[in-house]
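Undergrad:
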Amino acid sequence: MRRLRMLIVVALCAGIGYGLREYWLWRELHPATDDAYVQAHIVDIAARVSGPVVAVHVDENDYVEAGDVLFEIDPSTFAAAVDAARAAYDMAAQTTGASDAEVGVARSTLEERKVTLARAKRNLERATALNEANLIAEAEYDNAVATEAEAEAAVASAAADLRRAESQFGKRGNQNSRLRAAAAALTAAELELSFTRVVAPVSGWISNCTLREGAMVIEERAQFSIVEDRHWWVEANFKETDLTHLRPGQAAHIAMDMYPGLVLDGEVESLGAGSGAVFSLLPPENATGNWVKVTQRFPVRVAIAPRHDDPDNLRPLRVGASATVTVDVEP
């Protein structure tokens, strides 16, 4: 009987030892941590113009699609600015039209005088040939020379008038600087008017929303946030002793605390370049005082694979939710 008891004790110890060895081997190939939290991109929503809010179309925890109108700012001031800019553009267009006419007249005059000059040059060439052959009177030749010189002077004068007109009134049509400045001012005014309707830049859930009609919003000041519903990941803090075999691309399994029994597939995206303590508000100063060596933890980003287990979104992911991450590092 005593011998049997000894055998049982030995068998139990051997079984426990074997089990511990197998667990240790499995643990080496499957590092895990429960210091892990669900994360997603959080987009702050701010208006690009200031003014009183006239309509709010969302509330806390609402789901919105990218492009949905979130809230509206009183557009009256901006609409008036658009009207003023459009009137200034119309006036610039009219002025440019009149200027174009004057420049056009100067250009036509120059072309006409160039034609006259070409004709005078041809007449002078004929008169020169006839004069050399003594077939015309000297006075007639002198008249041809004078006519050509007058035509040259007329072309130079017309060219100067054209340059002066272009300098005074600028280029023609849409190339005119005054018209382009007026067009730019109109575009800016129309943009500011469009900014009175604030739309969702991404799809996701509204968070921290207290905005109500009548509130005064200041441009570029965040009013609430959207938790983006496109890319989710888990920030898993592994002990430095677990990082030996961790590599990007390895498969992972994510057990969600808030949904017992739910295990999501994931993949290691990246390993942190520094421990969490290094980037804390008050990093540790081990060079002073008593020092106790503590195993450090490093953040590992584990991307959550697209889900097909919850088509009705009855178990949505939530930022900050706790999870347990196990990585499969087997070769």
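Each residue of the sequence shown is one higher than the last, beginning at 925 in the numbering used here. Just so you know, even glycine gets a beta-carbon here, dropped at the ideal spot from N, CA and C. Keep in mind the model is a prediction, meaning the values are calculated, not measured.
Since residue 966 and residue 1151 are thought to touch, with beta carbons under 8 Å apart, how far apart are those beta carbons, to the nearest angstrom?
TA: Yes, residue 966 and residue 1151 are in contact; Cβ-Cβ is about 6 Å, under 8 Å.
Undergrad: Sort 1221, 1242, 1252 by Cα distance to residue 959 and report the nearest one.
TA: For the residues 1221, 1242, 1252, the minimum Cα distance to residue 959 belongs to 1221.
Undergrad: For residue 1121, write down the residues that DSSP places opposite it in a beta bridge.
TA: Answer by DSSP bridge pairing, in chain order: 996.
Undergrad: Between which residues of its own chain and residue 1125 is the CB-CB distance below 7 Å, once the five residues before and five after are set aside?
TA: If we look at residue 1125 and ignore the five residues flanking it on each side, its Cβ neighbours are 967, 990.
Undergrad: If contacts are defined as beta-carbon pairs under 8 Å, then residue 977 and residue 997 qualify, I think. What distance do you get, rounded to the angstrom?
TA: The Cβ separation is near 6 Å, so the contact holds.
Undergrad: Using a Cβ-Cβ cutoff of less than 6 Å, which residues in the same chain neighbour residue 1239 once the five nearest sequence positions on both sides are dropped?
TA: Cβ neighbours of residue 1239 beyond the five flanking positions: 1183.
Undergrad: Drop a sphere of 10 angstroms on the beta-carbon of residue 1230, count the other beta-carbons inside from all chains shown, and report buried for 16 or more, exposed for fewer.
TA: Classification for residue 1230: exposed.
Undergrad: Look at the alpha carbon of residue 1159 and the alpha carbon of residue 1108, and state the distance between them as a whole number of angstroms.
TA: So the two alpha carbons sit approximately 47 Å from each other.
Undergrad: On the CB-based measure, 16 or more other CB atoms within 10 Å of its CB, does residue 1037 come out buried or exposed?
TA: By the neighbour-count rule (16 or more Cβ atoms within 10 Å), residue 1037 is buried.
Undergrad: How should residue 1022 be labelled, buried or exposed, when 16 other C-beta atoms within 10 angstroms of its C-beta is the threshold for buried?
TA: Note that residue 1022 scores a pLDDT of 47, beneath 50, so its modelled location is shaky; the value from the coordinates is reported in the next line. It counts as exposed.
Undergrad: Going along the chain, which unbroken runs of the alpha helix (DSSP H) with 4 or more residues stay wholly within the region 1099 to 1177?
TA: As far as the region 1099 to 1177 is concerned, its whole alpha helix (DSSP H) runs of at least 4 residues are 1101 to 1118.
Undergrad: Helix, strand or coil for residue 936? Go by DSSP, reduced to three states.
TA: It is helical.
Undergrad: DSSP on residue 1199, reduced to helix/strand/coil?
TA: Coil, per DSSP.
Undergrad: Give the secondary structure of residue 1183 by DSSP, where H, G and I count as helix, E and B as strand, and everything else as coil.
TA: Coil, per DSSP.
Undergrad: Verify whether the separation of the beta carbon atoms of residue 970 and residue 1143 is less than 9 Å.
TA: Contact: yes.
Undergrad: Let's see if you can read the secondary structure: which residues bound the beta strand (DSSP E) around residue 1219?
TA: No beta strand (DSSP E) contains residue 1219, which DSSP labels as neither H nor E.
Undergrad: Using DSSP's beta-bridge definition, name the partner residues of residue 1246.
TA: Its beta-bridge partners are 961.
Undergrad: From residue 1018 to residue 984, what distance separates their C-alpha atoms?
TA: Distance between the alpha carbons of residue 1018 and residue 984: 51 Å.
Undergrad: Counting along the chain, where does the beta strand (DSSP E) carrying residue 979 start and finish?
TA: That run of the beta strand (DSSP E) goes 975 to 980.
Undergrad: Confirm, please, whether the CB-CB distance from residue 1228 to residue 1188 is below 9 Å.
TA: Yes. Within cutoff.
Undergrad: With a CB to CB cut of under 6 Å and the five nearest residues on each side skipped, what residues in its chain are close to residue 956?
TA: If we look at residue 956 and ignore the five residues flanking it on each side, its Cβ neighbours are 1250.
Undergrad: Exposed or buried, what is residue 1180 when buried is set at 16 or more other beta-carbons lying within 10 Å of its beta-carbon?
TA: Buried is the call here.
Undergrad: So the candidates are 1068, 1136, 1048, 1079; which of them puts its Cα closest to the Cα of residue 1033?
TA: It is 1079.
Undergrad: Got a sec? Which residues, its chain only, sit under 8 Å from residue 1252 by beta carbon, not counting five neighbours each side?
TA: Answer for residue 1252: 953, 954, 1174, 1175, 1176, 1177, listed in chain order.
Undergrad: Between the region 1130 to 1139 and the region 1108 to 1118, do three or more beta carbon pairs fall short of 8 Å?
TA: Touching, no, given that fewer than three Cβ pairs across the two stretches are closer than 8 Å.
Undergrad: Given this structure, state the Cα-to-Cα distance separating residue 1051 from residue 1065, to the nearest angstrom.
TA: Using only the alpha carbons, I get a separation of about 6 Å.
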